[in-house]
Amino acid sequence: MTDFVPATTVGEPSIGYDPAAVERKWQARWEASGTNAPKLDGAPRPYYALMMFPYPSAEGLHVGNLFAFTGCDIHGRFQRLRGHTVFEPFGYDAFGIHSENYAIRLGIHPAELIPRNIENFRRQVQRNGLMIDWSHELATTDPAYYKWTQWVFLQLHKRGLAYKKKGAVNWCPFDKTVLANEQVIGGACERCGTMVEQRFLEQWFFRITAYAERLLKNLDHLDWSESTKTAQRNWIGRSDGAEILFVVQDLMEYAGSATASAGQSGEVTATAMEIRVFTTRPDTLFGATYLVLSPEHPLVQELPGDDQRDEVEAYVARAAKQDLVTRKTNRDKTGVFTGAYATNPASGEPIPIWVADYVLMEYGTGAIMAVPGHDERDHEFAKKYDLPILQVVAPTPNTVDVREAAFVETDNCHLIDSGHFSGLSVEEGKAAIVSELASHHAGNAVVNYRLHDWCISRQRYWGPPIPILYCDTCGVVPVPEAQLPVELPNIEDFTPDDSGVSPLARHEEWYLTTCPNCARTARRETDVSDTFLDSAWYFLRYPSTDRNDVAFDASLTKHWLPVTSYIGGNEHAVLHLLYSRFITMVLHDAGLLSFEEPFTRFRAHGLIVKEGAKMSKTKGNVVNPDQYIEEWGADAFRTYLMFLGPYEEGGDFRDKGISGVRRFLDRLWLSVHDARTDGDIDDTVRRKLHQTIRKVGDDIPRLGYNTAIAAMMEYMNTMRSGERRPHVDEVRPLVQMVSPFAPHIAEELWETLGHTRSVFDSGWPDYDPALVVEDTFEMPVQVNGKRRAVITISKQVDETAALAAALAEPTVAKFVTGTPKKIVFVPGRLLNIVV
RNA sequence: GCGAGAGUGGCGAAACUGGCAGACGCACCAGACUUAGGAUCUGGCGCCGAAAGGCUUGGGGGUUCGAGUCCCCCCUCUCGCACCA
Numbered sequence: 002m003t004d005f006v007p008a009t010t011v012g013e014p015s016i017g018y019d020p021a022a023v024e025r026k027w028q029a030r031w032e033a034s035g036t037n038a039p040k041l042d043g044a045p046r047p048y049y050a051l052m053m054f055p056y057p058s059a060e061g062l063h064v065g066n067l068f069a070f071t072g073c074d075i076h077g078r079f080q081r082l083r084g085h086t087v088f089e090p091f092g093y094d095a096f097g098i099h100s101e102n103y104a105i106r107l108g109i110h111p112a113e114l115i116p117r118n119i120e121n122f123r124r125q126v127q128r129n130g131l132m133i134d135w136s137h138e139l140a141t142t143d144p145a146y147y148k149w150t151q152w153v154f155l156q157l158h159k160r161g162l163a164y165k166k167k168g169a170v171n172w173c174p175f176d177k178t179v180l181a182n183e184q185v186i187g188g189a190c191e192r193c194g195t196m197v198e199q200r201f202l203e204q205w206f207f208r209i210t211a212y213a214e215r216l217l218k219n220l221d222h223l224d225w226s227e228s229t230k231t232a233q234r235n236w237i238g239r240s241d242g243a244e245i246l247f248v249v250q251d252l253m254e255y256a257g258s259a260t261a262s263a264g265q266s267g268e269v270t271a272t273a274m275e276i277r278v279f280t281t282r283p284d285t286l287f288g289a290t291y292l293v294l295s296p297e298h299p300l301v302q303e304l305p306g307d308d309q310r311d312e313v314e315a316y317v318a319r320a321a322k323q324d325l326v327t328r329k330t331n332r333d334k335t336g337v338f339t340g341a342y343a344t345n346p347a348s349g350e351p352i353p354i355w356v357a358d359y360v361l362m363e364y365g366t367g368a369i370m371a372v373p374g375h376d377e378r379d380h381e382f383a384k385k386y387d388l389p390i391l392q393v394v395a396p397t398p399n400t401v402d403v404r405e406a407a408f409v410e411t412d413n414c415h416l417i418d419s420g421h422f423s424g425l426s427v428e429e430g431k432a433a434i435v436s437e438l439a440s441h442h443a444g445n446a447v448v449n450y451r452l453h454d455w456c457i458s459r460q461r462y463w464g465p466p467i468p469i470l471y472c473d474t475c476g477v478v479p480v481p482e483a484q485l486p487v488e489l490p491n492i493e494d495f496t497p498d499d500s501g502v503s504p505l506a507r508h509e510e511w512y513l514t515t516c517p518n519c520a521r522t523a524r525r526e527t528d529v530s531d532t533f534l535d536s537a538w539y540f541l542r543y544p545s546t547d548r549n550d551v552a553f554d555a556s557l558t559k560h561w562l563p564v565t566s567y568i569g570g571n572e573h574a575v576l577h578l579l580y581s582r583f584i585t586m587v588l589h590d591a592g593l594l595s596f597e598e599p600f601t602r603f604r605a606h607g608l609i610v611k612e613g614a615k616m617s618k619t620k621g622n623v624v625n626p627d628q629y630i631e632e633w634g635a636d637a638f639r640t641y642l643m644f645l646g647p648y649e650e651g652g653d654f655r656d657k658g659i660s661g662v663r664r665f666l667d668r669l670w671l672s673v674h675d676a677r678t679d680g681d682i683d684d685t686v687r688r689k690l691h692q693t694i695r696k697v698g699d700d701i702p703r704l705g706y707n708t709a710i711a712a713m714m715e716y717m718n719t720m721r722s723g724e725r726r727p728h729v730d731e732v733r734p735l736v737q738m739v740s741p742f743a744p745h746i747a748e749e750l751w752e753t754l755g756h757t758r759s760v761f762d763s764g765w766p767d768y769d770p771a772l773v774v775e776d777t778f779e780m781p782v783q784v785n786g787k788r789r790a791v792i793t794i795s796k797q798v799d800e801t802a803a804l805a806a807a808l809a810e811p812t813v814a815k816f817v818t819g820t821p822k823k824i825v826f827v828p829g830r831l832l833n834i835v836v
């Protein structure tokens, strides 16, 4: 309970504002009357206001969560005031390694821990007064939900978009578990500090790369934060280049190994070994002085002669042992010569073939042509191993020495020492060389994407089992849809072990089952799927949570989706949003959805810091929302969160600051209770009111919450200035404007004002455009750009009259000596006299 | 290194297509009402200066009658990506 006893200044004492009581009252009423749970079927003007659902941690709701939710709620409540039927659902992203690790640390089973966390989250969210429709709540850990997550997997599998292949993972030999990249710090396991290794495991992938171009192109037409779109573009990373074939020389020398792999006699030279490389700089082909293969490249086994074999193998083994993070972070170039040579198709020169871990197998072809003269990485490597460096691109005049550093500029540069291509610009050179290669079947233009296929396998316990069976007779068999969900069994030993497979693989009683095709014994897939899959479709589920027979109801989906407004953190700018788009496109292609982009509008909110520093448990500066709501009330807390900075940039939470918005709400309370009903409303107040309605109505949709609140405070100051007692007609619209921010007090005051229906059904106040414009204004008068006076003058005044009025001011006249050289008059703005 | 964003009073921050820099709030100062006030109300509050006036949006140049806003160079911070050929 609060110990706050508001005081009054004006005669009659009003009942003090007691947020705890008001908030309790209205939360109970909303629930009882179902105000926040609209009838979805055929609802007029549907508006789907989605907030990113949280991972329900054991620590409870973070202010960051509340900041995000509140901003979304305000948007939703505003749209409701504008007459939309607003659907604002809530749920929990409760599967995943994060929950699992936490459960392991506490020694509590996640199946026990998570429901407790969820309950706590729900309590906190409810306390904050969000307009959530609780009748559509969901949790990804609920079998009634993940049944459909598994169904989504099957839809992809059906369409050939889910496949299995070996992929590299981080492996901690001490904890005996697979680690995500974020769990590897400086090459060591974040929990035990043991150096992490690379392991190759069979894993399930989604072929998101097949959608790369579409995912990229559609971005152009989405109403999303520009920064988010840029992040996605970079992540997809389209690059235009060419693949070029290099023929390995002196094949006969390696006939032994080549025949062994070909499996039979003689004609080895006919099937000459070729190396395909990807490059974005085909124009530099004449400068390619060596080739580099990634250690994982298949030809690495075949190329080395007897002299080099041991060294190459040792190098490859060393690279394999290294974890993925260190390998990608370690900038020191290392490599070994294979002993083999290839022919540069342009110059005809033999060039050595090396193996080095700075070339990655997962990008392009896993092999590159090294052009040390024009690539910094190749230059560094060539220096270290004393390989030739040639210059084939030059600016005019050529002042470049490529032995010193790679020359990477391309603008206004031309090719040199490149046969008959010399003299062409870089752009022309690219095209000409590629087309010449193409005519010899030695290369062609190719587009590459940085985007990889999405690995969805997790060798973990806390996730939905991947709905696949392995049968000795039938092979890989998808679980029939009718048999979903494949329930996650409640096992005690859910901690990962050294096998490199999921804990589920220890439970024969679970994974042994019958093949639906041949009725023989089959094994279940024991990996679970990535949490990102759970969240890649949850927005489709919300409207249809009552349906147990389908993932989403066709007509509800048509009516409510795509999501009208989605607000969330930019930390999900790439993965979550990209995966959601991908899954939506796939379901669209499968004829299950009429749209292919899930979120019509997306805005990223900012980050909250505390007194200029990031909040963290170790610093002990984490803001506990409960404590603040206790002391100040949810309305003040919400309003303060929105006031402390621009929503899309975040802000700085300072303990002292909240008193300002609380004072504002106190004054609002007072103004309503003390409002007079007699007499007229004042002209200046009326004008200010209409300006405020316009400003707040403009600011809220663009998430300018801090300035909207400032405008209302300003109006409050005007309304009450000089201990003025406001008129009830001046206060009423303010209650409506405040309501999205401080819904409980607004409802209470709305009732006090004599209304019987919710303020959220009262509509948004209108403003009169005629009242917004001022007829006089304070015109600054400058002399030589320096302000010398401000005169109050009609907005319609013309230059002559303005000048005359200005020169009448002594402070102006004093600086105007002689005739003005120039008069700059901006009607309705200012006057500048240049002398 | 690459990409995105940001640097404005003691502090959090405002500022439309270039047009009074500092709205709104915190803190602070003075006053009023008070037995009292960590309540409320009124007024003040960028810096220098007694004033006139001068200076001021990370630093340096430029365009303009006029620049926080546009252009060039540099510095710092935050976030994301990170040997992507």
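Quick note: the first sequence, position 770, residue 771 per the working numbering, numbers continuous.
Positions of the beta carbon are idealized from the N, C-alpha and C atoms, including for glycine.
query	result
In three-state DSSP terms, what is A169?	strand
Please work out which residues of its chain come closer than 6 Å, Cβ to Cβ, to N413, disregarding the five sequence neighbours upstream and downstream, and give them in chain order.	none
Under DSSP, the beta strand (DSSP E) around Y48 begins and ends at which residues?	47-52
Does the beta-carbon of T532 have 16 or more other beta-carbons within 10 angstroms, so that it is buried, or is it exposed?	buried
Express the C-alpha separation of E650 and Q783 in angstroms, rounding to a whole number.	35 Å
Going by the CB atoms, is the gap between G130 and R639 shorter than 8 Å?	yes
V360 and V293 - do their beta-carbons sit closer together than 8 Å?	yes
Considering only residues of the same chain and omitting the five flanking positions on each side of G1, which have a CB-CB separation below 8 Å?	Absent from the structure is residue 1, since the part of the chain shown begins at 2 and ends at 836.
If you count every other CB in all the chains shown that lies within 10 Å of the CB of R663, and 16 or more means buried, which is it?	buried
Tell whether a beta-carbon distance below 8 Å holds between H606 and F68.	yes
What number of angstroms, rounded off, separates the C-alpha of A806 from the C-alpha of A22?	58 Å
Excluding the 5 residues preceding and the 5 following E363 in the sequence, name in chain order all residues of the same chain whose CB lies nearer than 7 Å to its CB.	H453
Which class does K822 belong to by DSSP, given the choice of helix, strand or coil?	coil
Compute the distance between the beta-carbons of V126 and L51, then report whether it is under 8 Å.	no
List the residues that DSSP assigns as beta-bridge partners of P479.	I469
Between Y18 and G569, what straight-line distance do the alpha-carbon atoms span, to the nearest angstrom?	33 Å
Hey, V394 and D284: beta-carbon distance below 8 Å or not?	yes
Excluding the five sequence neighbours on either side, which residues of its own chain have a C-beta within less than 7 Å of the C-beta of A112, listed in chain order?	N491
Residues in its own chain within less than 6 Å of G829 by CB, not counting five upstream and five downstream?	K796
Let me make sure I understand the geometry here. Which of N121, L114, R507, D94 has the alpha-carbon closest to that of D627?	N121
Could you tell me if H421 is buried or exposed, where buried requires 16 or more neighbouring beta carbons within 10 angstroms of its beta carbon?	exposed
Output the boundary residues of the beta strand (DSSP E) element that contains K787.	787-795
Should M643 and N707 be called a contact, given that it needs their Cβ atoms to be closer than 8 Å?	yes
Counting only the same chain and skipping the five closest in sequence on each side, list residues whose C-beta sits under 6 Å from that of P90.	D134, H137, Y543
Label Q840 either buried or exposed according to how many other C-beta atoms from any shown protein chain fall within 10 Å of its C-beta, with 16 as the threshold for buried.	No information on residue 840 is available, as it lies outside the stretch 2 to 836 that the chain covers here.
Report all residues from its chain with a CB closer than 6 Å to the CB of G464; omit the five preceding and five following residues, and keep chain order.	F96, V529, S530
Any idea which residues DSSP pairs Y316 with across the strands?	Its beta-bridge partners do not exist; DSSP assigns none.
How many angstroms separate the CA atom of V835 from the CA atom of P811?	17 Å
Could you check what DSSP says for M720 in three-state terms: helix, strand or coil?	helix
Going by C-alpha distance, which of Y291, D681, I369, A341 is nearest T280?	I369
Go through its chain and collect everything with a Cβ distance to D919's Cβ below 7 Å, but skip five positions before and after it.	Since the displayed the chain opens at 2 and closes at 836, residue 919 lies outside it and no answer follows.
Specify the secondary structure class of D307 as computed by DSSP and reduced to three states.	helix
Pair every Cβ in the stretch 218-230 with every Cβ in the stretch 564-581, then say whether three or more of these pairs are closer than 8 Å.	yes
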